[in-house]
Amino acid sequence: MGEIELIPDLVTDTISYLLSLDFPGFVRVFWFFLIFDLPRYFLSDLYIFFDTLFSNNKAEADDGFILQLRHNPPLISIIIPVLNEQDTIAWTIRSLQEQSYTNLQLIIVDDGSTDDTHKICQQLAKQENITSLRFSTRAGKSAALNYGLKFAKGEFVVFVDSDTTFDRHSIYELMKTFADPTVGGVSGNLRVRNGNLNVLTNLQQIEYLFTISIGRRIRSRFGILPIISGAFGGFRRELISLETMGGHEPGPGNDSDLAIRVRKKGYQIVFQPNAVCLTNVPDKLMSLVRQRSRWDRNLVKNRLRKHKDVFNPFSKNFKFIDLITFIDSLFFSAVISSIAVFYLIDLALNFTQILPVLLFINFCLYFSAEVVELFIAAYLNQSARDLKLIFYLLIFNPYKLILKFVRIGSYLQELFFHYSYRDQFAPIKVRERMIRW
Numbered sequence: 003m004g005e006i007e008l009i010p011d012l013v014t015d016t017i018s019y020l021l022s023l024d025f026p027g028f029v030r031v032f033w034f035f036l037i038f039d040l041p042r043y044f045l046s047d048l049y050i051f052f053d054t055l056f057s058n059n060k061a062e063a064d065d066g067f068i069l070q071l072r073h074n075p076p077l078i079s080i081i082i083p084v085l086n087e088q089d090t091i092a093w094t095i096r097s098l099q100e101q102s103y104t105n106l107q108l109i110i111v112d113d114g115s116t117d118d119t120h121k122i123c124q125q126l127a128k129q130e131n132i133t134s135l136r137f138s139t140r141a142g143k144s145a146a147l148n149y150g151l152k153f154a155k156g157e158f159v160v161f162v163d164s165d166t167t168f169d170r171h172s173i174y175e176l177m178k179t180f181a182d183p184t185v186g187g188v189s190g191n192l193r194v195r196n197g198n199l200n201v202l203t204n205l206q207q208i209e210y211l212f213t214i215s216i217g218r219r220i221r222s223r224f225g226i227l228p229i230i231s232g233a234f235g236g237f238r239r240e241l242i243s244l245e246t247m248g249g250h251e252p253g254p255g256n257d258s259d260l261a262i263r264v265r266k267k268g269y270q271i272v273f274q275p276n277a278v279c280l281t282n283v284p285d286k287l288m289s290l291v292r293q294r295s296r297w298d299r300n301l302v303k304n305r306l307r308k309h310k311d312v313f314n315p316f317s318k319n320f321k322f323i324d325l326i327t328f329i330d331s332l333f334f335s336a337v338i339s340s341i342a343v344f345y346l347i348d349l350a351l352n353f354t355q356i357l358p359v360l361l362f363i364n365f366c367l368y369f370s371a372e373v374v375e376l377f378i379a380a381y382l383n384q385s386a387r388d389l390k391l392i393f394y395l396l397i398f399n400p401y402k403l404i405l406k407f408v409r410i411g412s413y414l415q416e417l418f419f420h421y422s423y424r425d426q427f428a429p430i431k432v433r434e435r436m437i438r439w
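Be aware that the sequence shown starts at 3, since it is given in my numbering, and climbs by one per residue.
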């Protein structure tokens, strides 16, 4: 009987507590949500919603470039590094072959696969516009991308993952963005293919909607997008060729590093929401933790060490917009995560008696904000089926909290132990060649 009465008692206690608070008291108790998350949810989402609602497609204004894309499209070299993807590589190639944009050179680089991937790639290479390359032993993703660049003939280069598939007009939509000559790189809109597999993949669906479909759209609008996903991103070849930039450096984190180097050349990195692709996400918790640890460690390596000159106003590479980009990236990842942990400690130490009530109110605040965000994401993506994810919002905040702890741990690993140089994502011989920043 006591368990049945627990929820009504919690609701009653919550209402009573809220009614007893004056405004300063409310701010004192819920300061983290009010200061850090409410502006992010409310102001940024409103901005992107109305901006999308009332703005025109700027790329379409350049009729000459659009006409060229339709009637005399420039060659695009698409480089697909692959490692033991016998179950997915054929689907990826088929998806690219079915694109409405047809002037494509497909370059598959097998990074020493030990399954039947190489045989499948050899069969695929019998098609006229497909080249299949292979390392006999694993050399790492960066080496595979650089090897593909040697054979790239296109005016533009697109990097994609070998488990990714694309909407039929995705390459065309990506290319439209290059109508602006100041754009050096374009990030596609990643969606989750295996989202319905289990609870964890459904939570990642929500995360991708919020951080990519909305978050990158906002950062792109303000000119502070710091990354192009390695799963689907395009560049002007002249900017990233082996001759002009030296290609990808050995080791993980090459996608964010390449985007930063293009920004330093004075070009924009932008997001194209209509260039949609589907990718698989980890379906087990430890696989997700390893993936995110790798991503988080690379943020420290690339932002704080390798490209620290962005913070130096006397550096030849200094640009104020790049400084804002780095500050934004570090603040919303490292700083916010640390403050969130501090907030939980604050509640536990100073409001022990009513901690369940405060956690329940925080849950209601975040759930309400995220429901609104989910509706906005569904509107922006023109995808009503995304609304079915609303039930997973009930456990989305515990999921985010776990990732915050993973993030903090990864930052500390990298700051004090340079753990990215021991990451088994890269082969031993690659780790030995990695430049120590």
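Built from N, CA and C at the ideal position, the CB exists for glycine as well.
Sixteen is the threshold: since fewer than 16 other Cβ atoms of the shown chains lie within 10 Å of the Cβ of D117, the residue is exposed.
Around P284, the same chain offers L290, Q293 as residues with beta carbons nearer than 6 Å, after the five sequence neighbours per side are excluded. About 5 Å separates the CB atoms of S189 and G235; that is less than 8 Å, so the two are in contact. With three or more CB-CB distances shorter than 8 Å, the stretch 244-255 counts as touching the stretch 145-164. The beta-carbon separation of F32 and L367, rounded to 7 Å, stays under the 8 Å limit for a contact.
Around the beta-carbon of V359, 16 or more other beta-carbon atoms lie within 10 Å, marking it buried. Selection S412, D47, M436, Q415 evaluated against S215 yields D47 as nearest (Cα-Cα).
When G268, K267, N304 are compared, the shortest CA-CA separation from D257 is found for N304.
Contact between F369 and L395 is confirmed by a C-beta separation of about 6 Å, below the 8 Å threshold. Ranked by Cα distance from N282, the first of Q88, Y49, Q125, D165 is D165.
For A261, the secondary structure class from DSSP, reduced to helix, strand or coil, is helix. Taking P275 as the centre and dropping the five residues before and after it, the same chain places the C-beta of N191, R219 closer than 6 Å to its C-beta, in chain order. Annotation for Q125: the continuous alpha helix (DSSP H) segment containing it runs 119-126. In this structure, L205 keeps its C-beta atom at 8 Å or more from the C-beta atom of Y49. In its chain, beyond the 5 residues on either side, R140, G142 have a beta carbon closer than 6 Å to the beta carbon of P429. The stretch 118-134 and the stretch 90-100 touch, with no fewer than 3 CB-CB distances between them shorter than 8 Å. With three or more CB-CB distances shorter than 8 Å, the stretch 223-243 counts as touching the stretch 151-163. Note on geometry: alpha-carbon atoms of K266 and F168 lie some 30 Å from one another.
Going by DSSP, P400 is part of the alpha helix (DSSP H) stretching over 398-419. The distance from the Cβ of R223 to that of D53 is about 6 Å, consistent with a contact at the 8 Å cut-off. Excluding residues up to 5 positions away in sequence, S258, A261 lie with their Cβ nearer than 6 Å to the Cβ of I229 in the same chain. According to the DSSP assignment, P275 belongs to no alpha helix (DSSP H) but to the beta strand (DSSP E) extending over 270-281. By the criterion of a C-beta distance shorter than 6 Å, A371 is surrounded in its chain by Y43, once the five residues flanking it on both sides are discounted. Sequence-distant partners of V302 (beyond 5 residues in either direction) whose C-beta falls short of 7 Å from its own C-beta, in its chain, are Y413, E416, L417. For R296, the three-state secondary structure derived from DSSP is helix. The criterion of a C-beta distance shorter than 8 Å is satisfied by I78 and G156. Here P83 carries a strand assignment [DSSP, helix/strand/coil]. Closest in C-alpha terms to S422, from the list S172, A336, K308, comes K308. With respect to the 8 Å criterion, I82 and L45 are not classified as neighbours on the basis of their beta carbons. The stretch 96-108 makes contact with the stretch 174-182; the number of CB pairs closer than 8 Å reaches 3 or more. Look at I347 here: in three-state DSSP terms it is helix. The beta carbons of D311 and S317 sit closer together than 8 Å. Counting the other CB atoms within 10 Å of its CB gives T133 a total of 16 or more, which places it among the buried residues. If you draw a straight line from the Cα of F328 to the Cα of T14, it comes to about 45 Å.
For Q107, DSSP records a beta bridge to S79. One alpha carbon belongs to V373, the other to A386, and they sit about 13 Å apart.
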